[in-house]
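Please read the structure below before turning to the comments.
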Amino acid sequence: MAGHSKWANTKHRKARQDTKRGKIWTKIIREITVAARVGKSADPATNPRLRLAWDKALGANMMKDTMERAAKRGVGAGDGEDYVEILHEGYGPGGVAVLVYCMTDNHTRTVADVRHAFSKMGGNLGTDGSVSYLFKKEGLLFYPPETPEDVLIEAALSAGADDVRSHDDGAIEVITAPDAYMAVKEALIAAGWVPEASEIAMHAALNVPVEGEVAEKLVKMIDLLEDLDDVQAVFHNAEIPEEAYV
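Structure below.
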């Protein structure tokens, strides 16, 4: 679709995250701690959820000793804050569906902060289930334009991927089941197919194009949400033009 580049969107999102590295590290440390606590193990080899958080930390260039301390804190005898996971659903500018994943030790504070970010940019929080039905949890491995599609498809399917999506701008996404994500990623990297970006994400089957002021407000709203300490991830079903990120 003209003006809506999957590759550009991914590059902009990654660049914006890189400028917030300190904040992202704080969020990942929280994720590692919770994963270790929930899985009752500080060893990523025996704790699948911790392994995913570990992979994210490595992708953010976090030091291994920092990761290990966070995991050990998670399996400590009640040490540290008792975080709970919360999903907020709502509508952004232009009626865009938005999912906000949070980890918090104070639900009242978190919902107030999230609601403020929505309302400030003309959005509003919805009820449980109001937009989550539009999304499906998937493992995503992202490859830039000019990646040889036919060869990648063969390698991805051989590695156990569910599907491969090609976009109009030439970008390619390898799709996996969430529980197969790490195995597929490691197999592809071993075969020389290192993704530009990768994650387990909530993917919407139907996206909504946004333009102009609506797109700019949506980008600002996402930034406000991602800046909140309690917000771990934000997903939406918008196709955002590149100029909205300027």
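In terms of my numbering, the sequence shown is residues 58 to 303. No residue lacks a Cβ here, since even glycine has one placed at the ideal position from N, Cα and C.
Check your understanding: Between 148, 92 and 197, which lies nearest to residue 178 when the distance is taken from Cα to Cα?
Key -> 148
Check your understanding: Using DSSP with H/G/I as helix, E/B as strand and the rest coil, what is residue 59?
Key -> Here the model assigns residue 59 a pLDDT of 35, short of 50, so the residue's position is not dependable, and the following value carries that caveat. Residue 59 falls in the coil class under three-state DSSP.
Review point. If you draw a straight line from the C-alpha of residue 299 to the C-alpha of residue 66, how long is it?
Key: 7 Å
Practice item. Find out if the Cβ-Cβ distance for the pair residue 216, residue 251 is shorter than 7 Å. Key: no
Review point. Just how far apart, CA to CA, sit residue 113 and residue 124?
Key: 11 Å
Check your understanding: Near residue 59, what residues of its chain come up, given a Cβ to Cβ distance below 7 Å and the 5 sequence neighbours on each side ignored?
Key -> The predicted model places residue 59 with a pLDDT of 35, which falls under 50 and marks its position as unreliable, so this point remains unresolved.
Exercise for review: Take every Cβ of the stretch 182–195, pair it with every Cβ of the stretch 150–158, and state whether three or more of those distances are shorter than 8 Å.
Suggested key: yes
Review point. Which one of 100, 249, 99 and 108 has the shortest CA to CA distance from residue 235?
Key: 108
Practice item. Answer with buried or exposed for residue 169, where buried requires no fewer than 16 other C-beta atoms within 10 angstroms of its C-beta. Key: exposed
Check your understanding: Three or more C-beta pairs closer than 8 Å, one from the stretch 273–283 and one from the stretch 194–204: is that the case here?
Key -> no
Exercise for review: Would you decide whether residue 166 is buried or exposed? Buried here means 16 or more other CB atoms lie within 10 Å of its CB.
Suggested key: exposed
Review point. From what residue to what residue does the alpha helix (DSSP H) around residue 124 run?
Key: 121–131
Exercise for review: Starting from the C-beta of residue 193, find all residues in its chain whose C-beta is less than 6 Å away, skip the five residues before and the five after it, and write them out in chain order.
Suggested key: 260
Check your understanding: Between residue 145 and residue 173, what straight-line distance do the alpha-carbon atoms span, to the nearest angstrom?
Key -> 13 Å
Review point. The beta strand (DSSP E) spanning residue 98 covers which residue range?
Key: Counting along the chain, residue 98 falls outside any beta strand (DSSP E), and DSSP gives it neither H nor E.
**Study point:** Cutoff 7 Å; reference residue 82; Cβ partners in own chain excluding five residues on either side
**Key:** 117 and 119
Check your understanding: Which residues in the same chain have their Cβ closer than 7 Å to the Cβ of residue 163, if we skip the five residues on either side of it in sequence?
Key -> none
Check your understanding: On the three-state DSSP scale, how would you describe residue 140?
Key -> coil
Review point. For residue 302, which residues does DSSP report across the bridge?
Key: According to DSSP, which records beta bridges pairwise, residue 302 is partnered with nothing at all.
Review point. First and last residue of the alpha helix (DSSP H) that includes residue 239?
Key: 238–247
Point to revise | Distance, residue 140 Cα to residue 288 Cα | key: 12 Å
Check your understanding: residue 176: buried (16+ other C-beta within 10 angstroms of its C-beta) or exposed?
Key -> exposed
Point to revise | Close-in-space but distant-in-sequence residues of the same chain around residue 132 (CB under 8 Å, 5 per side omitted) | key: 93, 94, 97, 98 and 99
Exercise for review: Give me the Cα-Cα distance between residue 295 and residue 263, rounded to the nearest whole angstrom.
Suggested key: 9 Å
Exercise for review: Check whether the Cβ atoms of residue 233 and residue 212 sit closer than 7 Å, and answer yes or no.
Suggested key: no
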